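Residue numbers for the sequence shown follow numbering that gives the first Met the number 0, beginning at 0 and rising by one. Cβ atoms here follow ideal geometry from the backbone N, Cα and C, with glycine treated the same way. Only a predicted model underlies this, so the values are computations on that prediction, with no experimental measurement involved. I have placed the structure first, in the form of structure tokens, so that the comments after it can refer back to it.
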Amino acid sequence: MKILVTGGAGFVGSHLVDLLIADGHHITVLDDLSTSQAKNLAGALESPHCTLVQGSILDVALVEKLVGEVDGCFHLAAALGVERIIERPLESLEINVRGSEIVLRACAARGIRTLVTSTSEIYGKSEDIPLQEDGDRVLGSPLKSRWTYSAAKALEEAYAIILHQQEGLPVVIARLFNTVGPRQTGAYGMVIPRFVKAALEGETLRIHGDGTQSRVFCHVTDAVRALNGLFFSDISGDVFNVGGVGEISIAELAQKVISQTHSSSHVELIPYAEAYGTGFEDMQRRVPDISKINRAIGWKPEISLEGIIDDVASFISTHGDSQ
């Protein structure tokens with residue numbers, strides 16, 4: 000199958016491309032390389048069946064040309080990372096809303112199979128744990144740029160569902176929860192690579208907030224298996240959580256990283272206001288209910304948090320931080 004992967008040189012995208020190439024598909028990657036690197040595709044690009052096109056999803060003519068050459072599309076391209084979104088909220092809106100509209104309309108015009116990667120940020124500050132796909136969104140004030148990404152991705156999902164309902168776009172949506180693994184950078188606030196890098200270098204692990212906030216982490220290998228399974232299923236017009244199991248507080252995570260890397264590092268708490276600016280808000284708990292995807296395609300995560308930390312530590316020790 001000929002498949003377009005937008006954002007395919009990024010962390011998740013490059014692992015997805017590796018899987019698709021291994022399965023014998025012909026892949027075109029569209030990526031502007033603003034938060035990703037071509038070296039993430041070093042292995043994939045050795046195959047004659049993988050092509051990297053450097054360009055933007057905001058380029059209508061380019062997107063329409065590439066979509067016209069394929070049979071399916073994984074749409075992963077996005078402005079991401081809490082720190083970057085707070086610093087560049089307008090860019091986040093333009094790429095995540097306008098860019099996604101361009102990609103999805105092109106896919107709808109061709110009627111090709113499409114998968115959209117969304118985010119756990121969709122749920123905002125919801126306390127209805129574990130978070131279910133049909134749960135309500137609970138957001139802070141629109142005056143807070145913190146919620147720009149969540150709002151943009153909600154519009155992206157809306158575009159996808161409406162195009163499915165009105166134009167028959169065969170699309171499925173995956174909401175990713177804290178995906179982690181090799182090639183991920185800590186440059187945009189991603190906590191595990193940031194903690195692991197600090198621990199390996201004997202530096203202080205800085206926790207934003209009081210450390211009681213909790214998350215569940217999913218290895219990127221497990222995540223791309225889920226994306227692949229959803230894409231090649233018969234499911235359309237639906238949304239699925241993709242995440243790990245085993246809730247852990249960020250304070251506990253820091254200590255686990257220190258212990259597992261045999262580090263002498265210490266931990267320091269940084270108030271949210273100092274890390275992100277006055278008025279920053281966060282989700283206290285972000286825990287997915289993944290029973291729906293398990294029922295639909297039989298998927299469940301296989302790699303433990305210990306395995307995730309080991310893989311990230313091994314990658315950073317060998318390659319350094321990605322950025």
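Among the options, nearest to residue i - alpha-carbon criterion
| i | options | result |
| --- | --- | --- |
| A191 | I257, A153, G236, K143 | Checking the sequence shown, residue 191 turns out to be Ile, not Ala. Selected option, being the one with the closest Cα: I257. |
| A253 | S33, L268, E90 | L268 |
| K209 | E251, A173, T178 | Sequence check: residue 209 is Asp here, not Lys. Of the listed residues, the one whose Cα sits closest to D209 is E251. |
| P300 | P270, V266, R224, F230 | R224 |
| L51 | F239, E86, G6 | G6 |
| R214 | N240, M282, A157 | M282 |
| E155 | E93, E86, E246, E202 | E93 |
| A60 | C49, H48, R83, L29 | L29 |
| K196 | D309, R284, A173 | D309 |
| R284 | G185, I249, E45, D221 | I249 |
| C72 | M0, D221, T277, H318 | M0 |
| D233 | R87, D221, S264, I296 | I296 |
| V266 | A222, H318, G201 | G201 |
| H48 | P88, I20, I315, K38 | I20 |
| T118 | P141, R97, V137, L79 | L79 |
| Q164 | D237, W146, A222 | D237 |
| F314 | K255, A222, V137, G185 | G185 |
| W146 | R109, I247, H318, S91 | S91 |
Rounded distance between the beta-carbons of residue j and residue i, thought under 8 angstroms
| i | j | result |
| --- | --- | --- |
| P169 | S235 | 5 angstroms |
| T116 | L175 | 6 angstroms |
| L32 | Q53 | 6 angstroms |
| L75 | V171 | Not really, about 13 angstroms apart at Cβ, beyond 8 angstroms. |
| A8 | Q36 | 6 angstroms |
| S144 | D135 | So it is not a contact: roughly 22 angstroms between Cβ atoms. |
| S13 | R182 | 6 angstroms |
Cβ pair residue i, residue j closer than 7 angstroms
| i | j | result |
| --- | --- | --- |
| A153 | N95 | no |
| V219 | G180 | yes |
| G139 | E273 | no |
| I56 | I101 | yes |
| V11 | I26 | no |
| T260 | C217 | no |
| L304 | G245 | yes |
| L114 | F194 | no |
| D70 | I111 | yes |
| Y148 | E120 | yes |
| L18 | N240 | no |
| H207 | Y271 | yes |
| I85 | Y275 | yes |
| A198 | S264 | yes |
| I292 | W298 | yes |
Test: residue i CB closer than 7 angstroms to a CB of chain B
| i | result |
| --- | --- |
| D17 | Included in the structure is just one protein chain, with no chain B present. |
Next on the checklist: Which runs of the beta strand (DSSP E) at least 3 residues long sit entirely within the region 98 to 139? Give them in chain order.
Outcome noted: 112 to 118
Item to check | Sufficient close CB pairs (3 or more, under 8 angstroms) joining the region 52 to 72 to the region 103 to 115 | outcome: yes
Next on the checklist: Taking contact to mean 3 or more Cβ pairs, one atom from each stretch, closer than 8 angstroms, check whether the region 273 to 291 and the region 126 to 135 are in contact.
Outcome noted: yes
Checklist entry - Can you give, in chain order, each stretch of the beta strand (DSSP E) that sits fully within the region 168 to 241 and has at least 3 residues? => result 170 to 175, 204 to 207, 237 to 241
Item to check | Completely contained beta strand (DSSP E) runs for the region 46 to 94, where each covers 3 or more residues | outcome: 49 to 53, 71 to 74
Next on the checklist: If we require 3 or more residues per run, which beta strand (DSSP E) segments fall completely within the region 266 to 311?
Outcome noted: 266 to 269
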